[in-house]
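Visitor: Sending over a structure as structure tokens; questions will come in a sec.
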Amino acid sequence: MIKTPILLFMILLLFPVLIGYGMFLTNYKAVLLQYFQVSNIEFGILEGIFAFGTVIGAIVGSYAMKKIVHYQLLYIAIGTLGLGVVSVYGIIKLDVMFSQSVFFILGGWSFITGLANALLMVPTSSIFLLHLPEAIRGRGTAIFYSIFNLFLLAGTLLGGFIASSINILLALILSGGILLITTISYPIYKNTSLMRKVKKQL
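Going by the working numbering, the first residue of the sequence shown is number 173, and it counts up by one from there.
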């Protein structure tokens with residue numbers, strides 16, 4: 173797997189992305205319940221909107237992979253999710269001014285984060301399945317998901333630690349910041365020998 177340029181690139185990319193993603197998953201529900209204090213019914217609706225966004229994202233992602241290079245779509249998804257997560261700070265400010273309509277804003281936020289969530293997962297899984305050598309496809313898939321879950325667990329633990337010791341909102345915004353920094357790092361990778369090898373593979 174490490175000898176295959178696109179897979180090595182994906183492992184390097186997924187390390188910060190999944191840590192940020194794990195921090196997001198740990199804290200976004202807590203922010204809805206504790207900062208915005210949504211009711212049980214409102215929380216259920218927002219969860220449904222998030223799930224709907226995920227379904228739409230999976231459909232859009234499958235279509236977009238035919239039009240956009242996989243790793244570029246991945247960067248778009250990472251950036252979109254990062255922006256969506258960081259924007260929660262602005263929503264809190266709006267909550268102070270427009271407390272009556274903030275639920276509808278949260279609905280849009282849940283949809284966008286759900287959409288970006290699926291856009292992140294679809295190309296990630298597809299790249300690994302398409303480029304894993306056939307001789308190790310079964311073992312390679314198991315290794316990939318082990319790495320995936322390990323990074324995700326690290327992010328979940330880190331997000332929980334920051335939320336409990338400092339602040340839930342800070343942990344959520346930091347998760348979005350990690351995703352945005354990873355997106356901005358694209359020019360650094362763009363002209364590396366690894367990226368040139370990746371482009372030859374696609």
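The C-beta atom is built at its ideal place from N, Cα and C for all residues, glycine as well. Predicted model only: the values in this text are computed from it and were never measured.
(1) Tell me the rounded alpha-carbon separation between residue 241 and residue 176.
(2) When you compare the CB positions of residue 256 and residue 290, do they come within less than 7 Å of one another, or not?
(3) How long is the line joining the alpha carbons of residue 212 and residue 197, rounded to whole angstroms?
(4) Using beta-carbon positions only, say whether residue 297 and residue 222 come within less than 7 Å of one another.
(5) Given residue 345, which residues of its chain have a CB within under 8 Å of its CB, disregarding the five upstream and five downstream residues?
(6) How long is the line joining the alpha carbons of residue 183 and residue 348, rounded to whole angstroms?
(7) Using the three-state DSSP reduction, which class does residue 364 fall into: helix, strand or coil?
(8) By the 10 Å Cβ neighbour count, where 16 or more other Cβ atoms means buried, how is residue 304 classified, buried or exposed?
(9) Under the three-state reduction of DSSP, which class applies to residue 226: helix, strand or coil?
(10) Taking Cβ positions, are residue 203 and residue 334 nearer each other than 7 Å?
(11) Suppose you measure from the CA of residue 382 to the CA of residue 251; what does that come to, to the nearest Å?
(12) Run the CB neighbour count on residue 189, radius 10 Å, all protein chains shown included, and call it buried at 16 or more, exposed below.
Guide: Let me spell this out:
(1) Taking the sequence shown and counting its residues from 1, one reaches residue 241 at position 69. Taking the sequence shown and counting its residues from 1, one reaches residue 176 at position 4. About 17 Å.
(2) Locating residue 256 in the sequence shown gives position 84, where the first residue counts as 1. Locating residue 290 in the sequence shown gives position 118, where the first residue counts as 1. For residue 256 and residue 290, no; Cβs fall outside 7 Å.
(3) Residue mapping note: residue 212 aligns to position 40 of the sequence shown, counting from 1. Residue mapping note: residue 197 aligns to position 25 of the sequence shown, counting from 1. Distance between the alpha carbons of residue 212 and residue 197: 19 Å.
(4) Walking along the sequence shown from the start, residue 297 turns up at place 125. Walking along the sequence shown from the start, residue 222 turns up at place 50. Not a contact, by the Cβ cut-off of 7 Å.
(5) Locating residue 345 in the sequence shown gives position 173, counting from the first residue. The residues are 257, 258, 260, 261.
(6) Translated into the one-based positions of the sequence shown, residue 183 becomes position 11. Translated into the one-based positions of the sequence shown, residue 348 becomes position 176. Cα to Cα, the separation comes out at about 20 Å.
(7) Position 192 of the sequence shown, counting from 1, holds the residue named residue 364. The answer is coil: DSSP assigns residue 364 none of H, G, I, E or B.
(8) By 1-based counting over the sequence shown, the position of residue 304 is 132. Counting Cβ neighbours within 10 Å, residue 304 comes out buried, since at least 16 surround it.
(9) Looking up residue 226 in the sequence shown gives position 54. Correct three-state label for residue 226: helix.
(10) Taking the first residue of the sequence shown as 1, we reach residue 203 at position 31. Taking the first residue of the sequence shown as 1, we reach residue 334 at position 162. Contact flag unset, no.
(11) Residue 382 falls outside the range modelled here, since the chain spans only 173 to 374, and no answer is possible.
(12) For the purposes of this step, residue 189 is taken as the residue at position 17 of the sequence shown. Classification of residue 189: buried, given that the 10 Å Cβ count is 16 or more.
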